[in-house]
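Residue numbers (our numbering): 105 to 207.
Glycine included, each C-beta is placed from N, C-alpha and C at the ideal position.
To keep things clear, I will list the structure first and then write my remarks on it.
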Amino acid sequence: MVSVVIYLKKNGFAEPLAKQLVASGLVASASIDVDNYHFVKEVDEVIKTVQTVITLQSKAMLFSEIEQFVEDFCREKVPIYTTPIAQTDQRFHQFILENTTKI
């Protein structure tokens with residue numbers, strides 16, 4: 105199991121994208137964080153941008169399908185990464201298994 109994190113520059117995509125990912129069964133749940141401050145260093149200056157972040161819970165084996173779904177939906181590549189969900193209680197584990205596509 106993994107948490108998938110998606111960074112969007114356009115806030116309008118976040119809610120419909122999250123809903124469609126859940127409806128498709130590729131993810132068990134999604135949460136949206138708007139107005140997320142993101143800092144990066146460019147040359148010698150720290151640049152601040154404001155992004156929308158979607159956090160999803162799913163199965164690791166579905167990542168490629170999630171990535172393709174997001175790219176097709178947004179019509180561009182967006183930053184996506186996963187982090188493993190190392191330990192969960194039985195209820196959360198079961199929730200993800202029951203609410204994602206069977207592999």
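- With fewer than 16 other Cβ atoms from the protein chains shown falling within 10 Å of its own Cβ, K114 counts as exposed.
- Here V144 is exposed: its Cβ has fewer than 16 other Cβ atoms, across all protein chains shown, within 10 Å.
- Per DSSP, reduced to three states, the secondary structure at A132 is coil, with no helix or strand assignment.
- Setting aside the 5 residues that flank it on each side, K181 is surrounded in the same chain by E175, each with a C-beta closer than 8 Å to its C-beta; the list follows chain order.
- According to the DSSP assignment, V174 belongs to no beta strand (DSSP E) but to the alpha helix (DSSP H) extending over 167–178.
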